[in-house]
Structure formats: C-alpha cells, structure tokens
Amino acid sequence: MSNPLRLLDRPRLVFAVLAAVFLAGAIGTALTEKPWCDEGWFASPALNLAREGYMGTDLLETANTHLTGIRERTYWIFPLYPVILAGWFKLVGYSLFTMRLVSVLAGGAILWALFTIVRRLKLDWRVSAVAIGLLIVDYQFLRRASEGRMDALCAAFGYASIAVYLSWRETRLRQAILASHALCAAAMITHPNGGLYFLPLALAQLYFDFRRLRWTDLLAAGAPYVVGFGLWSIYIFQDPQDFLTQLGGNAKNRGVFWTDPLRAIADELRVRYMEQIGGIDPAAGLLKNLKAIVLATIVIGVGGFLSTKRFRSEPATRYLAMATLVQAVALAILDGYRMHFYAVHIVPWYFLLTALFVVEAWRGGRAPARAAIAVWLAAYTVIQAGGAAYPIYRDNMHNGFEPAVAFLRPYAEQGKMIMGSAELGFELGFKSNIVDDWSLGCDSGKTPDVIVEELGYVKNQQSWLSPGDRCYAHVQKLLHHSGYRVAFEQGDFQIYTRDEP
Numbered sequence: 000m001s002n003p004l005r006l007l008d009r010p011r012l013v014f015a016v017l018a019a020v021f022l023a024g025a026i027g028t029a030l031t032e033k034p035w036c037d038e039g040w041f042a043s044p045a046l047n048l049a050r051e052g053y054m055g056t057d058l059l060e061t062a063n064t065h066l067t068g069i070r071e072r073t074y075w076i077f078p079l080y081p082v083i084l085a086g087w088f089k090l091v092g093y094s095l096f097t098m099r100l101v102s103v104l105a106g107g108a109i110l111w112a113l114f115t116i117v118r119r120l121k122l123d124w125r126v127s128a129v130a131i132g133l134l135i136v137d138y139q140f141l142r143r144a145s146e147g148r149m150d151a152l153c154a155a156f157g158y159a160s161i162a163v164y165l166s167w168r169e170t171r172l173r174q175a176i177l178a179s180h181a182l183c184a185a186a187m188i189t190h191p192n193g194g195l196y197f198l199p200l201a202l203a204q205l206y207f208d209f210r211r212l213r214w215t216d217l218l219a220a221g222a223p224y225v226v227g228f229g230l231w232s233i234y235i236f237q238d239p240q241d242f243l244t245q246l247g248g249n250a251k252n253r254g255v256f257w258t259d260p261l262r263a264i265a266d267e268l269r270v271r272y273m274e275q276i277g278g279i280d281p282a283a284g285l286l287k288n289l290k291a292i293v294l295a296t297i298v299i300g301v302g303g304f305l306s307t308k309r310f311r312s313e314p315a316t317r318y319l320a321m322a323t324l325v326q327a328v329a330l331a332i333l334d335g336y337r338m339h340f341y342a343v344h345i346v347p348w349y350f351l352l353t354a355l356f357v358v359e360a361w362r363g364g365r366a367p368a369r370a371a372i373a374v375w376l377a378a379y380t381v382i383q384a385g386g387a388a389y390p391i392y393r394d395n396m397h398n399g400f401e402p403a404v405a406f407l408r409p410y411a412e413q414g415k416m417i418m419g420s421a422e423l424g425f426e427l428g429f430k431s432n433i434v435d436d437w438s439l440g441c442d443s444g445k446t447p448d449v450i451v452e453e454l455g456y457v458k459n460q461q462s463w464l465s466p467g468d469r470c471y472a473h474v475q476k477l478l479h480h481s482g483y484r485v486a487f488e489q490g491d492f493q494i495y496t497r498d499e500p
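Here it is, written out as structure tokens:
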C-alpha cells in the first residue's frame, strides 16, 4: 500500500493546503452564520469606545439584573477584547464581518502556535500537520474562529505564549520569559480562561529551564501582569461598585467544583466530553451522533499516546502530556457552566497527542494497521467536513436573519419598541429602540410593539425562566393572550406584532 505520508515530504505545499482549507471554512462560516446575542453584547461597547470614547453597552435591559451601570461602563466582561475591537473598527471599519475577522485571524494564530510548539520541541513536523488537519475541519473550532466572541483571541494569546517561549528560550531566555508572560497576561485580560495558559507556560519554564532561571527572572515574568492589571484597575476604579456587581453576577455559580467536586467531575465528562465534544445524544438519530467520531478519535489517540513507551520517556512528549493534563484539570475546575465554546482551550492539546500517536503508529505499523488508520482518518474528515459545510450551505444569515431585519426595519425607523436579541443591533443600530430582555418586560414594565422570538432567544428563555416563575407566565401570556400575532416567520425567526407599520 502506498504511503500517504509521502505527501508530507513537501511541507510548504501541505501547510498551504491546510491554510486554504481553514480560511475557506472560517470565512465561509463568518459570512453565512447568523449573528447571535453574544456578538451583539460585545460589539456594542467596542463600537461606543471607537466612536464616542466610552465603553458602555446598549440594548441590554438592566432591571432586576446584575448589569448596574452597564450603559456607562462595561465590567461584566474582561476589557481587552472590546479595546482591541475598537481599535480594529477604527482601522478597517465596523461591520459584523470585520468583527468576526478578528477571530479568523486568531484562529490562524492558534494554528501557527501549534506548528511552532511542535517544531520547537524538535518533534516530527508531520505531527503538527496531522493535528492541524484534525482541527481545521472541526465545526466547533471553525465556529470559534469565525464568530464575534473573545474565545479564539484568548486561546491565540495563550497558545502563542507557549510557542514564543519555546522559540526563544535557548538563545534569549529573559526575552522569552518577558514576551511569553506578556502574551499570557493578554490572554487573562481578554477572558478569565486566559489563566489556564499560565500553568502550561510555567510548566515549560520549570521543566526545560529550571536550572537556568534566576530570581530576577521573576521580575520579568511578573512585569506584564503588573502593567496589564494595573491599567485595568484604572478603569475599575472609575466605579468599583458597578465592577463588583457586574463581574460578580457574571461569575456566579462558576465555581461548582469546590462545593460538589464529584458532581463537577461527572458533569465535565458528560456535558463537555460526551455531549459537546462528542455530540452524543441518545435521543437523536444516527446521523446526529456521527460527531461521536471526534471523541472516539481523541480517546483512541490519547490512549495510544499513553500506551507508547517512547512517548512516556522523551522530555518533549512528556511535557505535552503534562501540559494537556494541567489544562484539562484547570478547565474542569474553573468552568462550572461547561460552556461549549471553551473546548478551544483543550481540544488542540488532545489533537497534538493524537497526532503523535497517528504518525508513530503509521511508521511502525504494517499494511492492515495503516489501512485502518487511513480509513479512520478519512471517515473523521468526511464526517467533520460535512458537519462544518452544512451550516455554510444552510446560510441562515441570508435565509433567516437578513429577511427578519428587513421586516423589522420599518418598525425601527418609526421608533417602535422591539424586544429581541442584541444581534439585531448590527442591522438596526445599537442605539435604536431595541431592548434585549428575555423576560419581555416582566421586571421593567416595558411593553414592546414588536417581539422577535428567534431560536436562540427562545432557548435562553427556556433556560433562565422556569415554568411556574412569574416571568415565565408573563412571557406566555404576552405571546399567546395579549393581542400579538405572528406577522413574520422564516428560518429560526418568529416575529410578533400588534399593528402593521
């Protein structure tokens, strides 16, 4: 049987193809996936900072919430992402696509960092090609690398911190320490999950260079955090009470590991790995459960890695195993909500270990083993690529979102109050009469002229408003017994009105 790995004897061609596939998937997703609430929430403060010099968030209803003062100052998210977005908007202009382009670039930076980590650990560069190949067809990675959230940027800073340290450590140790911790500090000020990368970064420095380190290196390592968090504190002290209220409310219930560790471990395995990474749903059909091949690939790959004696003894591969372990444990502890978009902080590590095993098994395997590997990787690629391509084909941007905002525009121009998700601000304006309030005025007492029930909005209502709750009853009464009617229905959107404009 011919050896497909011979194609990897032309690295420039291979990585050019991988880059093209990534860009096609990420940009295609960015152009066709409808926006969602987080993107609207995070665009608003960045746009205000770029245009008016303050970082307040419009549209969000604040009645009976932890969002006190958010129209003046946004404290519930970490500040670097909106600050970078504001500068980006000034440089290239504001739009949903330019916002998403930041994440596309961050996704490319993650791939570069993985390549560099493998190279600087003096491992076979084919390992990085396989790992990147596994990653660029994964829909969850492509979604993170094409949406207006900060997860890809945070991960890019984090992986880059390790890549830069490994690149410079042999010839410029002090500069390596300073630059890597500057990137790690940037990750931390982008999102709390940036703190995850401090552990594998510190591990690299202690594992490879403990005998070379001096106490003065602590100053180089600590300086970026002092500067970064010092600058952030200036913003915090403009209104410390609002900072505590907003950020404290957003962080609520995230530390469940410390109160019920057994439940947290069970939830981590079930929610993050089986449901989110594996896509396993016993109630769904076979087609929807095909994504389980991702989890199966990780389990087989990591298991094969751990069973390979050489990997357990070589410093470079031992480091990757330890880095993966500390990252996985830290993520399980810190993320009590088990958010699906946080998988970008751990899946690339698993794919590095899997790629090491794949390359090793191919080299040492006979024809039947190689055939099994080839078939498995082909099946993985087809299933993952199909899952990534389908949303692009479905195009709910042009087949749902844009027709919905076209219907809403006359109402917005007349100043009618529209209750719906914040992403409507991309087309109707963030300072318009749009109110993002899942309870539809239950606490604020506001009565909308138009109600936009989009699938994601409905899911949020179902998640946060329990049957029997007064606001749940209010929503049901408003939608079904208050004179509203469905005036528009397309894609994921149902729009309720009282009168035609």
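Position 245 of the sequence shown, counting from 1, maps to 244 under numbering that gives the first Met the number 0, and the rest follow consecutively. Glycine residues also receive a C-beta, built at the ideal position from the N, C-alpha and C atoms. In this text, all values refer to a predicted model and were calculated from it rather than measured experimentally.
Annotation: the continuous beta strand (DSSP E) that includes F487 extends over 484-489. Restricted to the region 139-185, the alpha helix (DSSP H) segments that are unbroken, complete and at least 4 residues in length are 150-167, listed in chain order. If you check the CB distance, A411 and F487 do not come in under 8 Å. For F492, the enclosing beta strand (DSSP E) covers residues 492-496. With a contact defined as Cβ atoms closer than 8 Å, V434 and E71 miss out at about 18 Å.
Around the C-beta of P260, fewer than 16 other C-beta atoms lie within 10 Å, and the residue is accordingly described as exposed.
Under DSSP, L59 shares a beta bridge with D435. Between the C-alpha atoms of N192 and L333 there is a straight-line separation of about 8 Å.
For V16, the enclosing alpha helix (DSSP H) stretches over residues 10-31.
Linking T215 to G248 through their CA atoms gives a straight-line distance of about 38 Å.
Membership of E426 in the alpha helix (DSSP H) is indicated by the continuous run 424-427.
DSSP places M418 in the strand class (E or B) of the three-state scheme. 8 Å or more divides the Cβ of G386 from the Cβ of W35. In the DSSP annotation of this structure, I450 is not part of any alpha helix (DSSP H); the continuous beta strand (DSSP E) holding it starts and ends at 449-453. Between V117 and S127, the C-beta gap is smaller than 8 Å, which places the two residues in contact.
Secondary structure of H344 (DSSP, three-state): helix. DSSP places T64 outside any alpha helix (DSSP H), giving it a letter other than H or E.
Excluding residues up to 5 positions away in sequence, K290, A291, V293, L294 lie with their Cβ nearer than 7 Å to the Cβ of G277 in the same chain. Between Q237 and L230, the alpha-carbon positions lie close to 12 Å from each other. Its chain contains D208, R211 as the residues whose beta carbon lies nearer than 7 Å to that of L172, once the 5 sequence neighbours on both sides are disregarded; these appear in chain order.
Taking I391 as the centre and dropping the five residues before and after it, the same chain places the C-beta of G27, T28, T31 closer than 7 Å to its C-beta, in chain order. Counted as a single uninterrupted DSSP element, the alpha helix (DSSP H) harbouring Y80 occupies residues 79-91. Between the region 48-65 and the region 164-183 there are fewer than three C-beta pairs closer than 8 Å, too few to call the two in contact.
With a 10 Å radius around the Cβ and a threshold of 16 neighbouring Cβ atoms, W75 comes out buried.
For K290, no alpha helix (DSSP H) run applies, since DSSP gives it neither H nor E.
With fewer than 16 other CB atoms across the displayed protein chains lying within 10 angstroms of its CB, K251 is exposed. For the options L95, G482, Y483, V457, the alpha carbon positioned closest to that of Y471 is the one of V457. Remark: C-beta atoms of A342 and Q139 approach each other more closely than 8 Å.
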